[in-house]
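Residue numbers (my numbering), protein chains in the order written: chain W, 1 to 331; chain F, 1001 to 1442.
Virtual Cβ for every residue (Gly too), placed ideally from N, Cα, C.
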Amino acid sequence: MTSAISPGPATALSDGSRYPYRHLLGIEGLTRPDIDFLLDRADGFVEQNRQADKKASTLRGRTLINLFFEDSTRTRTSFELAGKRLGGDVINMSVSTSSIKKGETLIDTAMTLNAMHPDALVVRHADSGAVHLLAEKVNCSVVNAGDGTHEHPTQALLDALTIRRRRGSLEGLEVAICGDVAHSRVARSNIHLLSIMGARVRVVAPPTLLPAGIDRMGVEVHHDMEAGLAGCDIVMMLRLQTERMKGSYVPSIREYFRYYGLDEDKLKVAKPDALIMHPGPMNRGVEIDSVVADDISRSLIREQVEMGVAVRMAVLEILVTNQTEPWAKNQ
Amino acid sequence: MRPTLYKNARLLDPASRLDTKGGVLVRDGHIAEVGPQVFVDAIQDDVEVIDCGGRCLAPGLVDMRAQTREPGEEHMETLASLQAAAVAGGVTTLATLPNTTPIIDDVSILEFVERLAQEVGLINIHPYAAATKGMKGQEMTEVGLLAGSGAVGFTDGTKAIADPVVMRRLLSYATMFGKPVIQHPEEPSLAREGCATEGETATRLGLPGIPACAEVMMVERDLQLVRLTGGRYHAAHVSTGAAIDAIRKAKAEGLNVTCDTAPQYFALNELAIVDYRTFARMSPPLRSEADRQAVVAGLADGTVDAIASDHNPEDQDSKRLPFAQAIPGAVGLETLLPISLGLVHDGSMELLDVLDRLTVRPARILGLEVGTLAAGAWADLVLFEPDRAVRIDADRFRSKSKNSPFDGKPAQGRVWRTVYRGRTVFDLEAEEPRTRREPAHA
């Protein structure tokens, strides 16, 4: 190892805790100390990101590739900023899936990029499990930036960081995840993470937007918004993912907003200081009313975006540093 | 050809419930004598004697559902590699699906494939013909002419015959020629986007699900049509307790229906797909543990008539894909016997009953005079050691494709020799001379 690469952060704290993997493919399977370790590191980056000079050099000389098989502006930009603020070289690749036979591009692209010796690949793909498949084929660290309807782990981590900074801890919180759970990788990652961290999760949606067996994932299931929001601390809204839907799951936007759109009226049953979150991009007037979304006393939506960069910095830094550690495992 | 005497064997003939020590004398491709009285001293002729060392000698296996890729996709499987895989698995009678390229929906293609198969000549292959032209599910094929040219049944392969009018006419018409209509029982509109059984596992993996009831819905619809027409119906690779219950009731009612299943549906459940193992992507998809147990129970009580390999060769390019894009199916000829013997080893079934589902029962469904050890029958035999520990090794398959969900798994049961019409077509000791020959019951 040349001295040109600055030593990374302590990969393990003095009490021996560390994140044990080379990849971040999902939240399922992580432990509470794993998640705390990532969140603690991310917390440190929040202040750095608020300085005029935001640049660190921990990933100087390292190459990070954003490999997006699905369109994304927000997540890709967030990862790009995170990599650059750590001093890494970031390349964005958007691969259209429509023109070429999908599977060939995935493996072929992975092998091609792997030959260029990147240090981390940040991957988004429309198929569940695609990022796992790719992680088996490359030598570098892989971050799942969203795979199909499976997981979106950095979103769950940034949500957790946002909540933790407001409430100190996730332990014992009542969290309602509302809307299109069936098509949501954000919901799955959040259900795993919140349960691991000791929060209680309810999902609120019409039966057509709930996946079968969701109750087996340790959540309370509600079809009625009022019952689902009663007494909760956090309301997480999900975007109605019309682009993933084959056929009609709800009769109309109007009807959906009537029963499941979050407005001040429905929010009345939640705790008076309940906080509102949304992974974005929002469909105003579909799943959330503008008045609620823009209420700065309750809405964490902009803060979530800020935390996103800090969380991704922590993830990239820890994974890339772990890569050379003999104890680091494939997730 | 000199007569051959297989001596010192454990003879197993499910058709006559024979399970005894003894021998089989084979003359001119047929079984001349069978039983405990057959031993060397009793034979006058100059015979070749093969000492079976106490191993099991049973009728060659009858596999009623396998796919070839010749003609069309010979890089995945040829009729030669298919037959080589079959005999290595102890299979001497094989029925193949019509989903080749071109599709077998016409007498000339059927006869062409039959001729190609005969040129290989290890065993006979009995193709099914497509039930509808181009397997499009609309117009009936020339059922009578195809049956006359050797089609043993009519099926649209891995596609369900969805239109009830088409199914009704097929059941009425094909039955006139004594041939079964074989259904892939899955309601296609419920299955359209799915790649796993709907439920907790699919939800955790974020995979689009197919509700398990898609199977029984199609079976129950078809059973109504069987009632209406008196047709001869066979449900392929049944995988759910609900479908098996429906068939059990239909049989009790006297309807002319049968069904088969495949080893993956009694040896695996849906947890095999965790980690997105595309080799465990099947159609129908692997089911819950409760359904797996129901399949075992259905086999044990005879509701499920047959175990078929459901051999489905796919190359790496079809499997090294994200789960939802991967092609479903697994090769199965060379694991058919050891995985099925698992039912004996775990105490679910008697050996004779497992062999019954692998030999004479499927033979009867296909209307073929094979699958028994009776004197005068064709000498189609498999010599195997039921307890021998093996590790499934896909790299050593004779099949050109290696897509097995059992690869690397331990099992018990090994085929030592396969005999087709008196001729040895597979001999483990000749093929793998390094295999030490040990007495079966040391």
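Checklist entry - Relative to chain F, which residues along the segment 179-193 of chain W have a C-beta separation below 7 Å, given in chain order? => result R185, R188
Checklist entry - Buried or exposed: W/S248, going by 16 or more other Cβ atoms within 10 Å of its Cβ? => result The count along the first sequence starts at 1 and reaches residue 248 of chain W at position 248. Flag for W/S248 reads exposed.
Next on the checklist: DSSP has F/P1127 in a bridge; who is on the other side?
Outcome noted: Residue numbering aside, residue 1127 of chain F sits at position 127 when the second sequence is read from its first letter. Looking at the DSSP assignment, F/P1127 forms a beta bridge with F/T1096.
Checklist entry - How big is the Cα-Cα spacing for F/N1403 and F/Q1264? => result Counting from one through the second sequence, the residue named residue 1403 of chain F turns up at place 403. Counting from one through the second sequence, the residue named residue 1264 of chain F turns up at place 264. Looking at the two C-alpha atoms, the distance is approximately 13 Å.
Checklist entry - Leaving out the 5 sequence neighbours to the left and right, which residues in its chain are closer than 7 Å to F/A1375 when beta-carbon positions are compared? => result Taking the first residue of the second sequence as 1, we reach residue 1375 of chain F at position 375. I1031, A1032, E1033, V1034, listed in sequence order.
Checklist entry - So, is the C-beta of W/I214 closer than 7 Å to a C-beta in chain F? => result Translated into positions along the first sequence, residue 214 of chain W becomes position 214. It does: the Cβ of W/I214 has a partner Cβ on chain F nearer than 7 Å.
Item to check | Residue nearest to F/I1210 in terms of C-alpha spacing, selected from F/L1299, F/V1216, F/E1198, F/E1270 | outcome: As a position in the second sequence, residue 1210 of chain F is number 210, starting the count at 1. When each option's Cα is compared against that of F/I1210, the closest is F/E1198.
Checklist entry - From the beta carbon of W/T149, is the nearest beta carbon of chain F less than 7 Å away? => result Within the first sequence, numbered from 1, the residue matching residue 149 of chain W stands at position 149. At least one chain F Cβ lies under 7 Å of W/T149.
Checklist entry - With distances taken from CA atoms, which of F/D1260, F/A1009, F/D1245 is nearest F/L1381? => result Here residue 1381 of chain F refers to the residue found at position 381 of the second sequence. Of the listed residues, the one whose Cα sits closest to F/L1381 is F/A1009.
Item to check | Whole-angstrom C-beta distance between F/A1379 and F/G1413, which should lie under 8 Å | outcome: As a working mapping, residue 1413 of chain F is identified with position 413 in the second sequence. As a working mapping, residue 1379 of chain F is identified with position 379 in the second sequence. In fact, because the Cβ distance is near 22 Å, the residues do not count as touching under 8 Å.
Next on the checklist: Per the DSSP calculation, F/G1209 is bridged to which residue(s)?
Outcome noted: Along the second sequence, one-based indexing puts residue 1209 of chain F at 209. Answer is F/A1196, bridged to F/G1209.
Item to check | Pick from F/E1215, F/V1304, F/S1288 that is closest to F/K1251, judged by C-alpha positions | outcome: As a working mapping, residue 1251 of chain F is identified with position 251 in the second sequence. Looking at the Cα atoms, F/V1304 is the closest of the given residues.
Next on the checklist: Taking 7 Å as the threshold (beta carbon to beta carbon), is F/L1146 in contact with chain W?
Outcome noted: The count along the second sequence starts at 1 and reaches residue 1146 of chain F at position 146. Closer than 7 Å: no.
Item to check | Endpoints, alpha helix (DSSP H) assigned at F/G1144 | outcome: Translated into the one-based positions of the second sequence, residue 1144 of chain F becomes position 144. That run of the alpha helix (DSSP H) goes 1143-1148.
Checklist entry - By how many angstroms is the C-alpha of F/C1259 removed from the C-alpha of F/L1352? => result Translated into the one-based positions of the second sequence, residue 1352 of chain F becomes position 352. Translated into the one-based positions of the second sequence, residue 1259 of chain F becomes position 259. So the alpha carbons of these two residues sit roughly 19 Å apart.
Checklist entry - What residues of chain F sit near W/I107, judged by a beta carbon separation below 7 Å? => result As a working mapping, residue 107 of chain W is identified with position 107 in the first sequence. By Cβ distance, chain F contributes R1320.
Next on the checklist: Between W/S128 and chain F, is the shortest Cβ-Cβ distance under 7 Å, so that the two count as touching?
Outcome noted: In the first sequence, the residue the question calls residue 128 of chain W occupies position 128. True, the Cβ-Cβ gap to chain F drops below 7 Å.
Checklist entry - Would F/C1289 count as contacting chain W if we go by Cβ distances under 7 Å? => result Working through the second sequence from its first residue, we reach residue 1289 of chain F at position 289. First, the residue type needs correcting, since residue 1289 of chain F is Glu and not Cys in the sequence shown. Not one chain W Cβ lies under 7 Å of F/E1289.
Checklist entry - Which residues in chain F sit within 7 Å of W/P211, going by Cβ to Cβ distance? => result Residue mapping note: residue 211 of chain W aligns to position 211 of the first sequence, counting from 1. Going along chain F in sequence order, the residues near W/P211 (Cβ under 7 Å) are T1203.
Checklist entry - F/L1299 lies in the alpha helix (DSSP H); which residues open and close that run? => result As a first step, residue 1299 of chain F must be located in the second sequence, where it is residue number 299. Its alpha helix (DSSP H) spans residues 1289-1300.
Checklist entry - Between F/E1340 and the rest of its own chain, which residues show a CB-CB distance below 7 Å, the 5 nearest in sequence each way excluded? => result Along the second sequence, one-based indexing puts residue 1340 of chain F at 340. According to the sequence as given, residue 1340 of chain F is Ser; it is not Glu. Excluding sequence neighbours, F/S1340 sits near P1263, I1307, V1354, L1358.
Checklist entry - Does the separation of the CB atoms of F/P1180 and F/R1232 fall below 7 Å? => result Residue 1180 of chain F sits at position 180 when you count from the first residue of the second sequence. Residue 1232 of chain F sits at position 232 when you count from the first residue of the second sequence. Contact flag set, yes.
Item to check | Separation of W/G179 from W/A205, as counted between CA atoms | outcome: Along the first sequence, one-based indexing puts residue 205 of chain W at 205. Along the first sequence, one-based indexing puts residue 179 of chain W at 179. Going by the C-alpha atoms only, they are around 5 Å apart.
Checklist entry - Between the C-alpha atoms of F/G1053 and F/E1385, what's the straight-line distance to the nearest angstrom? => result Your numbering for residue 1053 of chain F matches position 53 in the second sequence. Your numbering for residue 1385 of chain F matches position 385 in the second sequence. Their backbone Cα atoms lie some 10 Å apart in a straight line.
Checklist entry - Would a check of beta-carbon distances place W/L300 closer than 7 Å to chain F? => result Position 300 of the first sequence, counting from 1, holds the residue named residue 300 of chain W. By this cut-off, W/L300 is not an interface position.
Item to check | For F/Y1420, the first and last residue of its enclosing alpha helix (DSSP H) | outcome: Counting from 1 along the second sequence, the entry for residue 1420 of chain F is found at position 420. F/Y1420 -> not in any alpha helix (DSSP H); beta strand (DSSP E) instead, spanning 1410-1420.
Checklist entry - Smallest Cα separation from F/G1089: which of F/D1051, F/L1368, F/L1336? => result Counting from one through the second sequence, the residue named residue 1089 of chain F turns up at place 89. Among F/D1051, F/L1368, F/L1336, the Cα nearest to that of F/G1089 belongs to F/L1336.
Next on the checklist: So with CB distances below 7 Å, who are the chain F contacts of W/V220?
Outcome noted: What you label residue 220 of chain W is simply residue 220 of the first sequence in a count that begins at 1. It is Glu, not Val, that sits at residue 220 of chain W in the sequence shown. Those do not exist, as W/E220 stays about 16 Å from chain F at its closest Cβ, beyond 7 Å.
Next on the checklist: Going by the DSSP bridge assignment, what does W/M93 pair with across the sheet?
Outcome noted: Along the first sequence, one-based indexing puts residue 93 of chain W at 93. According to DSSP, which records beta bridges pairwise, W/M93 is partnered with W/L67.
Checklist entry - Would the beta-carbon of F/T1100 fall within 7 Å of that of F/G1072? => result One-based indexing of the second sequence puts residue 1100 of chain F at position 100. One-based indexing of the second sequence puts residue 1072 of chain F at position 72. Yes, they are a contact pair.
Item to check | Partners in chain W for F/L1207, counting only beta-carbon separations shorter than 7 Å | outcome: Mapped onto the second sequence, residue 1207 of chain F falls at position 207. Correct list: S128.
Checklist entry - If you measure from the beta carbon of F/F1279 to each beta carbon in chain W, is any gap under 7 Å? => result In the second sequence, residue 1279 of chain F corresponds to position 279, counting from 1. Cβ-Cβ to chain W under 7 Å: no for F/F1279.
Item to check | Below-7 Å beta-carbon distance, F/A1196 vs any chain W residue | outcome: Position 196 of the second sequence, counted from the start, is the residue given in the question as residue 1196 of chain F. No, because no Cβ of chain W sits closer than 7 Å to the Cβ of F/A1196.
Checklist entry - Within the 7 Å Cβ cut-off, does W/H223 reach chain F? => result Here residue 223 of chain W refers to the residue found at position 223 when the first sequence is read from its first residue. No, W/H223 does not count as interfacial toward chain F.
Checklist entry - To which residues does DSSP link F/G1443 through a beta bridge? => result Residue numbering for chain F in the displayed model covers 1001 to 1442; residue 1443 of chain F lies beyond these limits and cannot be assessed.
Checklist entry - Of all the options F/P1322, F/T1278, F/K1409, which has the alpha carbon lying nearest to the alpha carbon of F/P1328? => result Walking along the second sequence from the start, residue 1328 of chain F turns up at place 328. Ranking F/P1322, F/T1278, F/K1409 by Cα distance to F/P1328 puts F/T1278 first.
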